[in-house]
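Protein chains: 2
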Amino acid sequence: MTPSDPLEAAVGRAFGLIVGPRTPPRLAAAMDHAVFPGGARFRPRLVLAVAAAYGRPTVAAESVAVAVELLHCASLVHDDLPCFDDASTRRGRMSVHARFGESLAVLAGDGLIVGAFEVFAHAMAQTPALAPALSVLAAAAGANGGLVAGQGWEDEPTADMQRYHQAKTGALFEAAVCVGAIAAAADPEAWRPVGVALGEAYQIADDIGDLIATPAELGKPVGQDLLHARPNAAVELGADRALARLQATWSRAIDTVPPCPGADEFRAWMIASCSRIFGRRTATQHLPVRHGAPLSA
Amino acid sequence: MTPSDPLEAAVGRAFGLIVGPRTPPRLAAAMDHAVFPGGARFRPRLVLAVAAAYGRPTVAAESVAVAVELLHCASLVHDDLPCFDDASTRRGRMSVHARFGESLAVLAGDGLIVGAFEVFAHAMAQTPALAPALSVLAAAAGANGGLVAGQGWEDEPTADMQRYHQAKTGALFEAAVCVGAIAAAADPEAWRPVGVALGEAYQIADDIGDLIATPAELGKPVGQDLLHARPNAAVELGADRALARLQATWSRAIDTVPPCPGADEFRAWMIASCSRIFGRRTATQHLPVRHGAPLSA
């Protein structure tokens, strides 16, 4: 991130729309803490990268990207609550509830969920062609297979790992590529397989990280899946087979990029970004590799 | 409510959209508990009554009404949480967190917030003219003067009563009349004053009820405002002056109904509904009265 990063500028503008003079000050501070500074902002960057594959991303694409990021931030705030993970750190500092208390953490998450749709509404007022992205966003966040469902599986006596991961992680990755395509007036369904594969790869990398990384490396508690008896691919498959599956899934993400003017640039962006993100999580410098050979951007 | 009540049928259809085969079963049960059976469903009925003032309410109006109701139900579930009111009863039975635990109550609220926008998206796909209602809904629910802000004022050391009540109660009443007008292709701003006045009246009635009613009468704990040191109009003004203000505010709601084909029917509906709701809350059979004389529907 640089000061002139267009995505960060868009996040800042959007924040000024959803938090303003009629926001209680402590709530405003809690929401700020949840959004700034961000993590990798991988999901909104994915939205922008898909839109960029059809030309320069528009203001509309930036707004939809921010909406995706706000939904993600909201889910982190609620997942960290004492009644879920009870995580006191996030992104290397205090989590929202640890810093501001439970009630403001609940409200900050609520405000960010609503805010995502507020930002989207604002963008749609300028760009009516965005309308189909609303269903995509809402379904990805919702209780029927979206983020809320993913978290909900943790409250069931048993949960199928694939269904759990698809909802908790995959849904928003799928939505990210689909809304990026919609913002570029391209076919969202052509991009969905890329999102599915990326979501799977991301989750496997996260599971490996939860098993083998240190809290300092990830900026959050580790060993959470074992602690909470949650499905974890690295625990179920073993680290080696999980790593092999990460590589296979990752190859699938690259192979399913649909024909588009900027396909090569998109793949290069994906390789560079994911090498960094997956490599850090899995403590594997040579990730992602493809067909047995390390890839470089 | 009768089995053939179109609003209840619409709520049921919408629920089937946001809770489905990919919803974890316990989460589905918690969301069901939050929505069925409903209370007075006053806010969505207000949406439909405004739309009906321009002819028979459409399926689009019903969907927007349901979206308003889902946002309301979500706010009740989160407000009842231990970190806020810690209310163990709601609508005469266990609150969601008392029955299903805190984590599912947080998720049920989240799922209903997202669900409101999912239902709206579905309606907008059929009726693109609904689009402007998205901003109205999101702003009414959000952190900058909406429901989330209203709840957030309870976490501040001090809160201005009017600002607190406007956000916590007024915002969704305003939104209800505005989106009802949008669904009927009428001017939402012409209706806003009706929503403002109704929201104020509703809040004053609620404050009086919190002070003087019994838990059995309201189906939820009473005395909460004093317990939580929250602004309460009946406490600040005294019951008599609060009642007088309720009557004045209520008169204003009636007087500001804009010219429309069904203005008389709308006023009659409002008088019948509010007499019942306000009368129950304030234990005053003669409410609402206007210009000193009891009104009948």
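Protein chains in written order, with our numbering: chain A, -4 to 292; chain B, -4 to 292. For glycine and all other residues, C-beta sits at the position ideal for the given N, C-alpha and C.
In this structure, DSSP gives Gly33(A) a state outside helix and strand, which the three-state scheme calls coil. Annotation: the stretch 199 to 245 of chain A contains no complete segment of the beta strand (DSSP E) (minimum length 3 residues). Judged by DSSP in its simplified three-state form, Gly11(A) adopts helix. Residues of the stretch 21 to 45 of chain B whose Cβ lies closer than 9 Å to any Cβ of chain A, in chain order: Arg21, Leu22, Ala23, Ala25 and Met26.
With distances taken between CA atoms, Pro127(B) lies nearest to Ile177(B) out of Gly110(B), Ile177(B) and Ala100(B).
Restricting attention to Pro1(B), Ala23(B) and Leu2(B), the CA atom closest to the CA of Gly11(B) is found in Ala23(B). Setting aside the 5 residues that flank it on each side, Ala258(B) is surrounded in the same chain by Ala48 and Val252, each with a C-beta closer than 7 Å to its C-beta; the list follows chain order. Scanning the stretch 158 to 184 of chain B for uninterrupted alpha helix (DSSP H) segments of 4 residues or longer gives 166 to 178, listed from N- to C-terminal end. Here Val72(B) is actually not in contact with Pro39(B); their C-beta atoms are around 17 Å apart, not less than 8 Å. Rounded to the nearest whole angstrom, the CA to CA distance from Ala239(B) to Ala35(B) is 24 Å. With 16 or more other CB atoms across the displayed protein chains lying within 10 angstroms of its CB, Thr53(A) is buried. Scanning Ala224(B), Ala181(B) and Pro210(B) for the CA closest to the CA of Thr153(B) turns up Ala224(B). Checking the DSSP bridge columns, you'll see Ala62(B) has no partner listed. In terms of beta-carbon proximity, Phe112(A) lines the interface with chain B, with at least one pair separated by less than 9 Å. Annotation for Leu129(B): the continuous alpha helix (DSSP H) segment containing it runs Pro127 to Ala136. Close CB contacts of Phe79(B) within its chain, under the 8 Å cut and outside five residues either way in sequence, are with His73, Gln146 and Glu149 (chain order).
Pairing Ala9(A) with Ser70(A) gives a Cβ-Cβ distance that is not under 9 Å. By DSSP's assignment, Gly50(B) forms a beta bridge with Ala48(B).
Counting every other CB atom within 10 Å of its CB across the protein chains shown gives Leu221(B) a total below 16, marking it as exposed. Going by C-alpha positions, Ser246(A) is about 9 Å away from Ala192(A). Residues of chain B whose Cβ lies closer than 7 Å to the Cβ of Phe79(A) are, in chain order, Ser98.
Beta-bridge partners of Thr84(B) (DSSP): Met89(B). Residue contact check for Gly7(B) against chain A: no CB pair falls below 9 Å. In this structure, Gly15(B) lies near Gly140(A), with their beta-carbon atoms less than 9 Å apart. For the pair Arg17(B) and Ala170(A), the CB atoms are not nearer than the 9 Å cut-off. Relative to Pro254(A), the option among Asp105(A), Asp182(A), Arg88(A) and Ser98(A) whose CA is nearest is Asp182(A).
Interface flag for Thr18(A) against chain B is set, since a Cβ pair is found closer than 9 Å. Secondary structure note for Cys269(B): its alpha helix (DSSP H) is the uninterrupted segment Ala258 to Thr277. When rounded, the separation of the alpha-carbon atoms in Gly190(B) and Ile272(A) is 49 Å.
Here Glu151(A) carries a coil assignment [DSSP, helix/strand/coil]. The continuous alpha helix (DSSP H) containing Val109(B) extends over residues Glu97 to Gln121. The three-state secondary structure of Val143(B), taken from DSSP, is helix. Exclusion of the five residues before and after Ala5(A) leaves Glu57 and Val61 as the residues of its chain whose Cβ lies within less than 6 Å of its Cβ. With respect to chain B, the C-beta atom of Ile249(A) has no partner C-beta closer than 9 Å.
Put simply, the backbone Cα of Arg85(B) is about 10 Å away from that of His92(B). Between the C-alpha atoms of Glu3(A) and Gly96(A) there is a straight-line separation of about 27 Å.
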